[in-house]
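Oh and the sequence shown: position 14 is 15 in the numbering used here, straight run, nothing missing.
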Amino acid sequence: MALHSLRNSWTVGKSTCLCEHVDCATAAPPASAGLVKSDGFAQLSEEAFVRDFAGDLDADRAHALSAVQGRISVTLFASRTTQAAWRTKPTWYAQRP
2 MALHSLRNSW
12 TVGKSTCLCE
22 HVDCATAAPP
32 ASAGLVKSDG
42 FAQLSEEAFV
52 RDFAGDLDAD
62 RAHALSAVQG
72 RISVTLFASR
82 TTQAAWRTKP
92 TWYAQRP
């Protein structure tokens, strides 16, 4: 993957990273680095959840949400989407009378 310098930032594909301390082509996103895998499922470690997912919440709320977070199947990380859900699944929304 080619990196192109852009005034002290790095461009990877179409996104631009402004960090100078990591190589964005090889660095794992922070939340991915905190994934804990077990029995075919994964979830964020408490530390990663609080830091990377709930960083704008007060500490008690962030820790409580970390304790009840759902797990995700690890197969989803390697799977490819074959059809956009919005094309085939109906949606509903509330409308003012």
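Glycine residues also receive a C-beta, built at the ideal position from the N, C-alpha and C atoms. Quick caveat, the model's predicted, so the values are computed rather than measured.
For SER67, the enclosing alpha helix (DSSP H) starts and ends at 60-68.
Rounded to the nearest whole angstrom, the CA to CA distance from ALA60 to ARG52 is 10 Å. At a cut-off of 3 residues, the continuous stretches assigned as beta strand (DSSP E) that sit fully inside the stretch 28-55 are 36-39 and 42-45. Scanning its chain for C-beta atoms nearer than 7 Å, with the 5 sequence neighbours on each side dropped, one finds around ALA43 the residues LEU36, VAL37, ARG72, ILE73 and VAL75, in chain order. Under the DSSP assignment, ALA86 falls in the alpha helix (DSSP H) whose first and last residues are 86-89. Check the Cα spacing between ALA65 and each of LYS90, ARG81, THR83 and SER46: the tightest is with SER46. CA-CA distance, GLN84 to LYS90, rounds to 11 Å.
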